[in-house]
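Sequential numbering of the sequence shown, starting at 0, is according to numbering that gives the first Met the number 0.
What follows is one structure encoded as structure tokens, with my remarks underneath.
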Amino acid sequence: MLNFAKIPNLHYMTSITPSVEKTHRIELVDALRGFALLAIVLLHNLEHYNIFGAPQGEPQWLTALNGWLTDAVYLIFAGKAYATFSLLFGLSFYIQMRNARKRGCDYRARFAWRMLLLVGFSQFHALFYNGDILLLYAVCGLILIPASSWSNRTVIIVASVLMLQPYAWGKVIYAFFNPEYVDTNSLFMRYAAAAEEVGRNGNFIQTLANNIWNGQLYSNFWQVEAGRLFQTPALFLFGMLLGRINAFERNDANRKLWLRIVAWSVIAMVPLYLLKTYVPPMIENITVLSYYGIAVPMLFNFAFMALIVALFSLLWFRVKNGSGARWQRGLVAYGRMSLTNYIFQSIIGVTIYYHFGFDLYDKVGATLTLLIAFGIFAAQLCFSRAWLRYHRQGPLEWLWKRLTWIQPASIMK
Numbered sequence: 000m001l002n003f004a005k006i007p008n009l010h011y012m013t014s015i016t017p018s019v020e021k022t023h024r025i026e027l028v029d030a031l032r033g034f035a036l037l038a039i040v041l042l043h044n045l046e047h048y049n050i051f052g053a054p055q056g057e058p059q060w061l062t063a064l065n066g067w068l069t070d071a072v073y074l075i076f077a078g079k080a081y082a083t084f085s086l087l088f089g090l091s092f093y094i095q096m097r098n099a100r101k102r103g104c105d106y107r108a109r110f111a112w113r114m115l116l117l118v119g120f121s122q123f124h125a126l127f128y129n130g131d132i133l134l135l136y137a138v139c140g141l142i143l144i145p146a147s148s149w150s151n152r153t154v155i156i157v158a159s160v161l162m163l164q165p166y167a168w169g170k171v172i173y174a175f176f177n178p179e180y181v182d183t184n185s186l187f188m189r190y191a192a193a194a195e196e197v198g199r200n201g202n203f204i205q206t207l208a209n210n211i212w213n214g215q216l217y218s219n220f221w222q223v224e225a226g227r228l229f230q231t232p233a234l235f236l237f238g239m240l241l242g243r244i245n246a247f248e249r250n251d252a253n254r255k256l257w258l259r260i261v262a263w264s265v266i267a268m269v270p271l272y273l274l275k276t277y278v279p280p281m282i283e284n285i286t287v288l289s290y291y292g293i294a295v296p297m298l299f300n301f302a303f304m305a306l307i308v309a310l311f312s313l314l315w316f317r318v319k320n321g322s323g324a325r326w327q328r329g330l331v332a333y334g335r336m337s338l339t340n341y342i343f344q345s346i347i348g349v350t351i352y353y354h355f356g357f358d359l360y361d362k363v364g365a366t367l368t369l370l371i372a373f374g375i376f377a378a379q380l381c382f383s384r385a386w387l388r389y390h391r392q393g394p395l396e397w398l399w400k401r402l403t404w405i406q407p408a409s410i411m412k
């Protein structure tokens, strides 16, 4: 069994194991973050950055290939890439908190300020892309401040309850006993339609102006209705917990831990897959169907994500004395500049697919779209490697850190 609760809480630790600082652990996390970011760019390109369309008149073999590729990418990455990215956000908080405590600093107020700064980054990103997650991160990240002093047992309980989607199940139970109650959980649709229309036909200024209102409401209503308001803080807490137990440090105990996570993930995925695939067609109540369709698939995605993270970590530990496979190490630079790459892949993507740019949303199918996505990834990876030869952080990462540690006295000057 995975008994995290017996591991001491950082809040009560008097020393930090020196091996935590080893480079390979940090590089594993960066590589995993880079892998998640690659998956995100693949998914967002398949969706044409929320303008859904497909070319007409394609040969049958290409249409079949497009369908197969779409299904495969969604099965492997949809919901898992975001979950991995969120998990590592919580881990990063733990690392920042740990490092601040080693310097004798109370990081909690700084982190709250850091989340406020993240709101600013989110607003810049949301001007271009109506699928921003950074605002949600900034809001949900605040839970980490009180959670930093919770015991591991409390963290596990709170994270598990949130992951189980209590609001969705409450709606299911209420609708079950009140069949006349109707809630399609689709308030975001009215804003999605307006945002998509401008993306298909608007110029650059119209696109930016529309995203200030309709795009923001579309993105954030969808995330709330999709269950991410509960899932995201749960993932942050689990990520913080992984940091506390040094889960990404290479040792025999962690290899056994990740092997157990592989086993439990596979065991959980089988019934969850059956429940998410075969039960919905039997549900007639639209409200029950709407919220069941949030809670159960999200649990499946969580189990699948845990499997991916575990396998990625085990491979990293196994190859070349824990320094990762060559393809994994190739993702490190991409992951180190995750904020910069996340925001600018969106700007590149909307320029490619939206009307104000190259207007390709209905001219390329999944095969060409994925090639474009890999092209964006390759260009950003080359830029990341070149930038990091001369700088310790990406440009937006550097700006975020500098603003995080800015002193009040310097602002008044």
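Beta carbons: idealized from backbone N, C-alpha and C, even for Gly.
Computed from a predicted model, the values in this text were never measured in an experiment.
With fewer than 16 other CB atoms across the displayed protein chains lying within 10 angstroms of its CB, V160 is exposed.
With a beta-carbon spacing of about 5 Å, G226 and M297 fall inside the 8 Å limit used to define contacts. According to the DSSP assignment, I94 belongs to the alpha helix (DSSP H) that extends over K79 to K101. When rounded, the separation of the alpha-carbon atoms in V40 and F176 is 42 Å. The DSSP-derived three-state label of A53 is coil.
When C-alpha distances from P145 are compared across G393, V28, M239 and L402, the shortest belongs to M239.
Under the three-state reduction of DSSP output, E46 falls in the coil class, being neither helix nor strand.
Across the structure, Y341 and L36 are spaced so that their CA atoms are roughly 7 Å apart. Our two residues, G214 and F51, have alpha carbons roughly 15 Å apart in a direct line. In the three-state DSSP reduction, T339 falls in the helix class (H, G or I). In the DSSP assignment, P394 falls within the unbroken alpha helix (DSSP H) covering P394 to T403.
At a Cβ-Cβ threshold of 9 Å, C104 and T231 do not count as neighbours. Here L306 is near M268, since their CB atoms are less than 9 Å apart. Taken through DSSP and simplified to helix, strand or coil, S148 comes out as coil.
Residue burial annotation: R249 is buried, with at least 16 other C-beta atoms found within 10 angstroms of its C-beta. Taking a 10 Å sphere around the C-beta of R335, we find 16 or more other C-beta atoms and assign the residue as buried.
In this structure, G89 sits near L143, with a CB-CB distance shorter than 9 Å. Using a Cβ distance threshold of 9 Å, N202 and F357 do not count as a contacting pair.
For the 9 Å CB-CB criterion, F229 and Y190 do not form a contact. The Cβ atoms of L133 and V118 sit closer than 9 Å to each other.
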